[in-house]
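Q: Shown below is the structure under consideration.
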Amino acid sequence: MSITTGTARPGTRPPRIRAVRFGGVSREGVGMPLPPGWVRDAVCAQTDPELFFPDKGGSTAAAKRICAGCPVRARCLDYALDSPVPVSGIWGGLSEKERRPLIKARNRARRYALAELDAQVSALIAPGLRPAAIAAELGCTPVEVRRAVARIKERRSRRSAA
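Counting the sequence shown from 1 gives a position; my numbering is that position plus 1377.
Following this line, the structure appears as structure tokens:
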């Protein structure tokens, strides 16, 4: 499966994914492979990809019917929700517009989880615990602890500069 993206200037939104190849049928594109483990089982891999990328105002009903019976629908939707750039077309039975609120909710949850981790790390780093010990205490990795420490230091330096 391959995907085409546009280019973005600094400070602009990320490019949209515009084309995908399912099975042996290709739309214009440059490669970004999907996990072959679940794509192999996707019903859409044996279907005309044009159904999943209708023109503006075109019907999405046929694609959504196919997705409804797909054994990897949830994994497909997760892929689209976790994509670093907006993905066009029907993925996991939902259009880009239908996925937007789910993406926003996931991003909010991630920000909340990071803020929670930062607060816990901040409390444990004060007594001088090392990242490995903090990671063991919190059930995360030392890398996550170091990233939290970096975010904490960055926030503190911004506050002192203001």
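Every residue, glycine too, gets a C-beta built ideally from N, C-alpha and C.
For L1471, which residues does DSSP report across the bridge?
A: Position 94 of the sequence shown, counted from the first residue, corresponds to residue 1471. Beta-bridge pairing links L1471 to W1468.
Q: Can you tell me where the alpha helix (DSSP H) with R1452 in it begins and where it stops?
A: In the sequence shown, residue 1452 corresponds to position 75, counting from 1. R1452 -> alpha helix (DSSP H) spans R1450 to D1459.
Q: State yes or no: is the C-beta of F1430 within less than 8 angstroms of the C-beta of G1466?
A: Taking the first residue of the sequence shown as 1, we reach residue 1430 at position 53. Taking the first residue of the sequence shown as 1, we reach residue 1466 at position 89. In contact: F1430 and G1466 (Cβ atoms closer than 8 angstroms).
Q: For S1537, does the three-state DSSP call read helix, strand or coil?
A: The residue you call residue 1537 lines up with position 160 of the sequence shown. DSSP places S1537 in helix when its eight states are reduced to three.
Q: Determine, using beta-carbon pairs with one atom in the region 1422–1437 and one in the region 1448–1456, whether at least three such pairs fall under 8 angstroms.
A: No contact exists between the region 1422–1437 and the region 1448–1456.
Q: Three-state secondary structure (DSSP) at F1429?
A: For the purposes of this step, residue 1429 is taken as the residue at position 52 of the sequence shown. It is helical.
Q: Return yes when the Cβ of L1491 is within less than 8 angstroms of the Cβ of R1476, no when it is not.
A: Indexing the sequence shown from 1 puts residue 1476 at position 99. Indexing the sequence shown from 1 puts residue 1491 at position 114. No, these two residues do not count as a Cβ contact at 8 angstroms.
Q: Quick check on T1518: buried or exposed, where buried means 16 or more other Cβ atoms within 10 Å of its Cβ?
A: Taking the sequence shown and counting its residues from 1, the one referred to as residue 1518 is at position 141. So T1518 counts as exposed.
Q: Could you give the DSSP three-state label for G1414: helix, strand or coil?
A: Here residue 1414 is taken as the residue at index 37 of the sequence shown, counted from 1. Of the three classes helix, strand and coil, the one that applies to G1414 here is helix, per DSSP.
Q: Within 10 Å of its beta-carbon, does V1520 have 16 or more other beta-carbons around it, so buried, or fewer, so exposed?
A: For the purposes of this step, residue 1520 is taken as residue 143 along the sequence shown, with counting starting at 1. Under this definition V1520 is an exposed residue.
Q: Take the Cβ of P1426 as the centre, count every other Cβ of all protein chains shown within 10 Å, and call the residue buried at 16 or more, exposed below.
A: Numbered from 1 along the sequence shown, position 49 holds the residue referred to as residue 1426. With 16 or more Cβ atoms within 10 Å of its Cβ, P1426 is classed as buried.
Q: Between A1513, S1460, R1528 and C1421, which lies nearest to R1442 when the distance is taken from Cα to Cα?
A: Stepping through the sequence shown from its first residue, residue 1442 is reached at position 65. Measuring from the Cα of R1442, the nearest candidate turns out to be C1421.
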